[in-house]
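4 protein chains.
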Amino acid sequence: MDLNDVKIPEKVVPSNYLQLGIAALRCKQRQFKELLEKRALPENGWSDDNIEELVHQLSSLDSNNFPHKLGLGEREARIACRLVARRHYNFGHGIGRSGDLLEAQPKAAGSTLLARLTNALILDLMHAIGLPSCSGCFLVPMCTGMTITLCLQSLRKKRPSAKYVLWSRIDQKSCFKAITAAGLEAVIIPCQVQKQALHTDIDLISKKIHDLGADNILCLYTTTSCFAPRNCDDIVEVAKLSRQSDIPHLINNAYGLQSTDILRHLERANRLGRIDYFVQSSDKNLLVPVGGAIVASFDENLLNDVASSYAGRASGSQSLDVFMTLLSLGRKGYQSLVKEREENFNYLKDRLGKFAESRGETVINTSLNTISLAITLKNLTKDSNGSKDITKLGSMLQLRGVSGARVVVPGQRKVIDGYDFIGFGSHHDSLEVPYLTVAASLGVKREEIDKFLTIFEKCWQQLNQNHRESAN
Amino acid sequence: MDLNDVKIPEKVVPSNYLQLGIAALRCKQRQFKELLEKRALPENGWSDDNIEELVHQLSSLDSNNFPHKLGLGEREARIACRLVARRHYNFGHGIGRSGDLLEAQPKAAGSTLLARLTNALILDLMHAIGLPSCSGCFLVPMCTGMTITLCLQSLRKKRPSAKYVLWSRIDQKSCFKAITAAGLEAVIIPCQVQKQALHTDIDLISKKIHDLGADNILCLYTTTSCFAPRNCDDIVEVAKLSRQSDIPHLINNAYGLQSTDILRHLERANRLGRIDYFVQSSDKNLLVPVGGAIVASFDENLLNDVASSYAGRASGSQSLDVFMTLLSLGRKGYQSLVKEREENFNYLKDRLGKFAESRGETVINTSLNTISLAITLKNLTKDSNGSKDITKLGSMLQLRGVSGARVVVPGQRKVIDGYDFIGFGSHHDSLEVPYLTVAASLGVKREEIDKFLTIFEKCWQQLNQNHRESAN
Amino acid sequence: MDLNDVKIPEKVVPSNYLQLGIAALRCKQRQFKELLEKRALPENGWSDDNIEELVHQLSSLDSNNFPHKLGLGEREARIACRLVARRHYNFGHGIGRSGDLLEAQPKAAGSTLLARLTNALILDLMHAIGLPSCSGCFLVPMCTGMTITLCLQSLRKKRPSAKYVLWSRIDQKSCFKAITAAGLEAVIIPCQVQKQALHTDIDLISKKIHDLGADNILCLYTTTSCFAPRNCDDIVEVAKLSRQSDIPHLINNAYGLQSTDILRHLERANRLGRIDYFVQSSDKNLLVPVGGAIVASFDENLLNDVASSYAGRASGSQSLDVFMTLLSLGRKGYQSLVKEREENFNYLKDRLGKFAESRGETVINTSLNTISLAITLKNLTKDSNGSKDITKLGSMLQLRGVSGARVVVPGQRKVIDGYDFIGFGSHHDSLEVPYLTVAASLGVKREEIDKFLTIFEKCWQQLNQNHRESAN
Amino acid sequence: MDLNDVKIPEKVVPSNYLQLGIAALRCKQRQFKELLEKRALPENGWSDDNIEELVHQLSSLDSNNFPHKLGLGEREARIACRLVARRHYNFGHGIGRSGDLLEAQPKAAGSTLLARLTNALILDLMHAIGLPSCSGCFLVPMCTGMTITLCLQSLRKKRPSAKYVLWSRIDQKSCFKAITAAGLEAVIIPCQVQKQALHTDIDLISKKIHDLGADNILCLYTTTSCFAPRNCDDIVEVAKLSRQSDIPHLINNAYGLQSTDILRHLERANRLGRIDYFVQSSDKNLLVPVGGAIVASFDENLLNDVASSYAGRASGSQSLDVFMTLLSLGRKGYQSLVKEREENFNYLKDRLGKFAESRGETVINTSLNTISLAITLKNLTKDSNGSKDITKLGSMLQLRGVSGARVVVPGQRKVIDGYDFIGFGSHHDSLEVPYLTVAASLGVKREEIDKFLTIFEKCWQQLNQNHRESAN
């Protein structure tokens with residue numbers, strides 16, 4: 004509503020009072036117009052009210068919200084429960100159409116606009132934080148693993164006879180299941196162990212390419228962000244192999260957007276080699292609820308293949324979350340989160356190092372992992388009954404409110420979809436010394452780190468004391 | 004909070020006043036307890052306030068909402084934007100774990116509980132509306148097409164060498180793409196045309212099984228709800244074939260829960276033959292925003308195979324929508340929606356029939372389709388330039404607020420993932436007479452039908468007049 | 004935002020999809036413009052979303068919501084708690100200014116506009132429901148009693164030497180306290196009892212005017228809506244006296260807007276006599292939370308005197324409630340509530356009558372009371388210990404969920420601000436037969452009446468049985 | 004709901020996962036219990052979710068929210084518009100009863116509890132911030148002026164023959180109208196001017212008491228917080244006079260809770276003399292929307308007189324705002340707001356002083372005013388046409404977003420309710436030099452002060468230039 008067009012008599016509101024208000028309104032409307040026209044992430048975050056107003060405007064453009072609509076089809080985006088309608092701001096039509104996530108919907112101009120704006124804002128964010136060469140991306144309302152499956156499925160359409168996926172081992176179930184879900188055959192490349200830290204075995208990948216034949220290999224599949232002491236894969240070298248042997252390269256960049264180091268590797272790998280897709284979760288990188296992933300590429304044309312492999316239309320809920328979050332943070336807000344995280348990672352590393360030193364332990368040197376850290380636990384239970392007690396450390400921490408710390412002990416084994424993983428959890432077959440991993444991920448507060456260390460110390464003492472007592 | 008445990012002095016509130024309130028609170032708490040213990044759909048819908056209170060209680064059980072939590076992992080369900088947190092009632096962890104949609108999450112007892120309650124309520128609803136033999140179901144936070152792909156992927160794990168999917172043709176892109184997405188080969192079984200209505204070609208399916216060999220066939224894939232003049236597939240006969248030849252049978256029951264006829268067919272097909280999975284969308288059947296599907300089975304054990312094929316954890320947003328909607332409607336509320344829909348379908352059929360009669364057209368007799376109707380358009384443009392003008396009818400209706408009515412004309416063709424569809428849109432190769440389809444789906448109001456017919460009549464007259472004028 | 008001014012490229016949203024949405028937006032904006040320009044109550048209720056959008060637009064016009072505002076004053080409408088800001092839609096400045104409720108606020112064009120729109124909508128409603136001669140009204144964010152005090156205070160400014168308020172007795176504390184709060188002297192005019200029903204004693208009023216001298220009387224003060232068996236005051240005759248003797252006439256029309264009978268009396272009293280102000284509560288007549296009253300007059304000029312007697316600026320919360328409620332109901336919505344109430348009153352009267360007959364009781368004939376009914380309780384406890392048991396009936400009903408039913412027994416007495424009320428509760432000094440009053444007020448459902456009667460009957464039987472048992 | 008009482012099988016949620024959640028729930032419930040039992044302001048602010056949960060619990064205790072309630076009365080707190088119900092958390096019954104704001108409501112135990120908790124939390128806050136002797140207070144849902152009227156009315160009940168209110172002049176309309184609204188006669192005590200600053204004329208008050216006779220004086224009425232260059236009244240000396248002459252003393256402490264200086268004066272005045280009531284606005288002191296005031300006393304018994312002078316029941320909306328705000332801030336949150344304000348006041352004073360010095364102006368020395376400052380404007384327009392141009396400064400500031408800065412020029416005059424105020428706006432009859440007042444009130448940010456000074460400087464230059472140009 005343009006209030007300048009509305010005739011409000013002086014006796015209702017004196018026009019000089021009203022004009023001040025109208026000027027403020029106009030300012031807001033310029034902001035909206037600019038967002039829709041430039042589709043760039045605002046420098047500063049928006050107020051909640053402005054975000055909600057724009058979202059409401061967009062949902063008004065969907066046919067289910069037209070005042071006089073008559074629904075004679077099988078899907079009319081009727082919403083039975085008004086709490087549900089409210090929490091979705093009356094969006095009901097989802098995104099995409101007939102098996103293409105990037106197609107516009109005739110019934111839902113607002114949903115379409117929202118989804119495309121969201122993708123544009125994410126791309127703008129990527130450019131801003133260290134991926135200037137990224138040429139396109141879009142949000143998929145499925146988890147990272149399923150989105151990787153989607154990428155594999157779309158690669159298969161172009162390489163129907165290629166069966167094998169060469170995968171640098173990482174012990175995280177859904178990464179691996181992404182391969183089997185697509186009905187493909189995984190070729191597992193174990194990591195190389197160097198002073199307890201794990202590195203990509205480039206030579207073995209190279210050898211496997213030669214052995215299996217490039218034409219039989221659907222893609223090389225690497226991982227950046229991971230639990231220490233595994234390092235980020237050497238994606239630069241893998242990208243070179245990919246280019247040389249003309250095999251697609253798919254990267255699981257699960258929570259890598261929050262690390263400027265990883266982003267630098269991605270840019271470099273693209274410059275010196277080949278990356279087809281890199282996939283990241285929206286929850287871990289953008290602090291929204293679980294449920295979405297972002298497929299990105301340095302070649303925009305490759306994205307349509309993935310989008311058109313999604314069989315149906317999809318939830319728009321994840322787009323809405325990301326849209327509101329990005330507008331709320333603004334570019335500065337996100338960048339300051341990233342900066343804070345990196346400082347906190349260094350802080351955690353420093354404090355954990357001092358703790359390790361005082362106990363005769365080591366923080367394993369994983370210089371290619373800038374999110375997660377592993378500290379050895381070799382002395383914790385040396386006079387006790389070993390891994391049983393060490394495992395107890397995990398639940399002790401959890402009971403005290405620490406979530407996300409993981410204790411890894413030797414001798415675990417797991418079979419997933421017919422593949423046998425020796426030493427499961429440690430990313431390789433021959434773990435000797437147990438360890439604890441902790442991460443400094445986006446949003447972590449220094450206060451959390453301090454409290455964690457206090458609790459860790461207490462648990463350590465208690466366990467040691469128990470051992471001594473039971474030893475006597 | 005149990006207010007009886009709280010000592011509130013008489014001078015603050017007289018205890019006889021307070022006791023009346025506490026009695027009312029207790030009544031609400033009993034309702035909550037019963038829901039959690041029996042996990043049965045309430046007879047009557049709940050108030051919005053009660054629904055929100057329970058949802059808030061559940062989300063308090065997730066670790067991201069613990070007052071003193073310390074997050075040292077890579078995924079801590081932090082939510083950056085408070086509008087997003089609010090619309091998700093602070094749920095952030097999603098559902099499922101490490102590649103199994105049905106696994107519980109250690110960090111998220113509330114999310115887990117919500118997801119399982121939702122699945123239990125859906126099952127209870129199914130039993131109530133006409134599927135007493137259904138033994139299990141769960142909500143997948145992906146569209147129907149992708150969920151069918153997931154079913155196909157899980158079937159493949161058990162029949163790795165079977166390539167073919169025998170599919171009774173229906174011209175809806177994502178149904179078909181569900182097959183190619185899984186990297187499988189579709190064997191298209193055209194429908195039989197009888198007086199313009201389309202029926203399943205059982206003999207041809209039978210012949211193809213024989214020709215291709217049962218072991219090479221991954222499954223038979225049928226569809227119930229569809230646009231007229233295609234009928235619901237003859238799932239009883241296909242189920243018999245499935246049992247006889249020991250081939251799994253997968254049913255796309257996209258919006259079939261709203262039709263008691265289709266439910267009767269499903270029960271019968273299960274009794275006389277075999278159904279492995281039937282999949283339905285949550286949006287069309289339960290009136291929630293697009294984004295979820297329900298996999299159901301008459302054999303509960305089969306469901307874990309599907310759940311464990313999802314590579315990752317998934318959005319809990321769809322569960323929340325369905326949970327709130329089912330509590331809001333209650334069993335009676337849903338049943339009265341179904342009843343109203345069936346009355347409105349009959350009303351639409353009746354009025355459309357009269358209209359057809361008056362214009363020399365026919366409402367095609369599709370007695371196995373109780374949701375959608377097709378009316379021929381042979382006279383609309385007989386003295387004009389044909390299909391161009393007929394297509395115009397579609398946009399004329401849309402401009403007047405009618406959504407969901409589709410005009411189908413002969414001669415369309417479409418290639419999808421390498422498969423060539425002649426007569427696309429009409430489900431068979433040889434359409435002669437154009438037609439219009441309309442549906443009476445869940446939530447349609449009689450008023451909408453009346454207004455649609457008025458508009459349809461006006462458009463018809465206008466088009467006819469245009470023809471006559473342009474003819475002169 | 005005018006989306007037609009925004010350049011959105013075809014590739015972002017196809018323009019034909021977008022145009023449908025823009026047309027719908029325009030339709031909504033026309034609705035807003037019309038409301039602001041005509042300030043008339045819409046025929047049909049608005050959707051929640053439209054109401055909230057308009058309210059948000061209005062609050063954007065207040066200076067505390069300007070993006071770049073600098074607050075250097077002592078009152079800047081900062082809101083510390085965002086839950087509070089949210090529930091007030093960011094309105095903080097209240098209404099009125101420096102001791103005049105009807106003045107505009109320079110800092111708050113939006114609040115001013117909202118308050119004036121609300122008053123205009125209320126006036127429009129009054130015209131529609133049966134008060135075409137009402138020439139002005141405004142909402143006061145205080146209860147009815149305090150608003151009556153405000154009217155008395157403003158009358159005193161014009162008649163400083165007049166001390167007495169002639170008040171037709173009604174046993175409702177705050178009606179009476181409204182006089183003492185203003186520091187005035189009440190002259191109580193007892194009601195006349197005719198067959199247990201109570202009527203205004205016109206002759207006594209007339210006599211008192213003569214005795215005290217018109218110049219010493221500040222005003223005549225009558226009441227319309229009240230508990231049976233008191234009738235609506237004979238406001239027509241009092242209005243005539245008022246005109247004849249040139250004494251202001253103030254009417255407490257507490258919940259009278261819901262009764263077309265009372266409205267008819269008001270119109271007639273104004274035509275044949277004099278009414279200065281009539282005051283009604285917003286909660287009982289408009290179904291909003293307690294907290295506001297409406298001062299109305301047949302002479303618009305009189306209203307400014309009252310508005311300028313309010314010492315300060317006032318809460319805008321009540322205006323917001325009424326504004327949203329009236330838009331939500333629309334004229335038709337309110338009228339159908341009124342119609343439903345009158346039908347339910349007749350239904351209650353009828354059913355209560357039959358019950359009375361069967362028990363040898365009477366529903367007292369109070370034809371000038373069309374909201375409340377009184378049924379005698381003379382036989383309930385005739386063989387028992389009387390009023391003690393009768394009082395028990397009240398709490399029995401309350402425990403069973405019945406609120407608002409009142410048992411009145413002889414022999415009560417109360418002193419209020421020095422005035423002694425014999426027979427308090429019954430509006431006169433000499434009550435003989437106890438009775439129960441119940442009302443059919445706005446929003447009551449037929450179902451409530453049915454359940455009440457069932458419960459009433461049960462309680463009656465139980466009490467009677469107790470008596471018989473204790474008699475034996 | 005006590006989840007420990009609910010039997011949730013292991014297969015639904017593993018009990019060790021659930022127990023962690025239940026422990027967190029219990030922690031929250033302890034917080035609620037403590038609040039209800041101790042009724043003390045929490046040290047730390049609560050989360051929005053916890054606040055809303057408690058508020059919802061309380062509103063469940065009101066009869067209008069009972070699931071099976073039958074409303075047969077005239078006021079049943081039905082709420083027609085669900086947006087309204089939602090924003091009031093379903094509270095509808097208001098507070099107080101039959102003309103006593105502090106009485107409990109039989110139908111509304113929740114509203115009663117909320118109102119009393121709110122009053123207790125305010126009292127606790129007062130104790131914490133510097134008023135340990137305050138013995139009681141309650142929130143009145145009317146503005147400060149009307150609440151002062153209410154206090155005057157309740158004093159009159161005890162001193163019916165006393166007519167005069169001795170009032171130390173302050174040029175703020177509603178302060179004065181509070182007297183005339185009550186029908187009392189104001190005796191205006193002009194301030195004494197000392198170097199442009201204004202002080203209470205104690206001698207004149209003393210003389211007037213003598214002249215009029217203590218028995219004829221209803222009360223002494225002073226003001227603390229005010230616009231510079233008026234100082235806070237010398238309430239200690241007035242309190243002494245009050246005690247000596249046995250005349251009640253009423254203090255308008257409008258926005259004085261935010262100043263620890265004023266609180267110190269209040270405590271001292273009470274110790275050395277007499278204060279009956281001191282009244283403060285809830286909006287300015289607690290940052291809630293306009294609409295409430297707090298009556299406080301050092302003698303709890305005096306409060307009932309005021310509460311029982313309110314004729315009717317009142318809005319509970321203001322209590323809800325204050326309740327949520329206090330819980331949200333906690334004691335620490337409020338105290339840090341106060342501290343920040345005092346720092347910002349000193350900062351503003353300092354910067355304004357430097358500005359004044361550089362222009363040959365003075366910041367008037369008002370050491371008893373620690374909220375507002377006045378800077379002379381004698382040089383701004385010395386070569387120009389005087390006050391007309393100076394007034395322009397006000398609107399120039401406003402147009403640039405500055406609100407709350409007031410320009411005061413000599414020669415204004417205003418008649419209010421028959422009293423003639425010479426030099427209106429300046430609190431005395433003989434203003435010579437124009438000035439500008441600005442305040443640092445609760446919630447002001449240093450950034451606002453900086454921006455204001457930049458704008459002020461620019462406006463000054465522009466006005467000076469205009470003068471020079473027009474002079475040439």
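Chains as they are written, first to last, in our numbering: chain A, 4 to 475; chain B, 4 to 475; chain C, 4 to 475; chain D, 4 to 475.
Built from N, CA and C at the ideal position, the CB exists for glycine as well.
Would you mind working out which of the options sits nearest residue i, comparing C-alpha positions?
| i | options | result |
| --- | --- | --- |
| I254/D | C30/D, H268/D and K31/D | H268/D |
| I132/D | L21/D, I265/D and N68/D | I265/D |
| G139/A | H130/A, S311/A and K352/A | H130/A |
| A107/B | S157/D, M327/D and P12/D | P12/D |
Shorter than 9 Å from the beta carbon of residue i to some beta carbon of chain F?
| i | result |
| --- | --- |
| C137/D | Reference to chain F is not applicable here, since the protein chains of this structure are A, B, C and D. |
Where do the N-terminal and C-terminal ends of the alpha helix (DSSP H) with residue i fall, by residue?
| i | result |
| --- | --- |
| F326/B | S320 to R362 |
| S157/B | T147 to K161 |
Determine the DSSP secondary structure at residue i, reduced to helix, strand or coil.
| i | result |
| --- | --- |
| G74/D | strand |
| F301/C | coil |
| L64/D | coil |
| V58/D | helix |
| G415/C | The question names Gly, but residue 415/C is Gln in the sequence shown. It is coil, neither helix nor strand. |
| S209/A | helix |
Look up residue i in the DSSP assignment and give the residues it is bridged to.
| i | result |
| --- | --- |
| R29/A | Bridge partners of R29/A: none, in fact. |
| E188/C | Y167/C |
| N255/C | T226/C and V282/C |
| S406/D | G74/C |
| I425/C | R416/C |
If you follow the beta strand (DSSP E) that residue i is in, where does it begin and where does it stop?
| i | result |
| --- | --- |
| I378/B | S375 to T379 |
| H130/C | Where H130/C is concerned, there is no enclosing beta strand (DSSP E), although the alpha helix (DSSP H) it sits in stretches over A112 to I132. |
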